[in-house]
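Heads up, the sequence shown is in full-length UniProt numbering, so the first residue is 1 and it goes up one at a time. Every residue, glycine too, gets a C-beta built ideally from N, C-alpha and C. This one's a predicted model, so the numbers in the text were calculated from it and none came from an experiment. This report refers to the structure that appears directly beneath it.
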Amino acid sequence: MAKVNVSLDAELVVEVMVLAGVGSPQDAVELVVRDYIARGHRTEARVELTDQNLREVEVRPQDPQG
């Protein structure tokens, strides 16, 4: 996998290290990025499930009125 070097504010990285409980700046930032990606996938899955449920409601035949 290709590697990318990014410059970040030291205070920001230290805060991430403390919150993640990790001693390495590289590991801390990687954990945050992986968590962000996983959260996005979970959100997509929930939205997809909601969309499917809404489609099922729209497809159901309505009861005769009148």
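Nearest C-alpha to A20 among L8, S7, D9, R34: R34.
Residues of the same chain with a CB within less than 7 angstroms of the CB of P25, apart from the 5 flanking positions on each side, are V13, M17 in chain order. In this structure, the straight-line span from the alpha carbon of V32 to that of D63 is close to 50 angstroms. In the three-state reduction of the DSSP assignment, A10 falls in the helix class. Taken atom to atom, the span from the alpha-carbon of A2 to that of E30 is near 14 angstroms.
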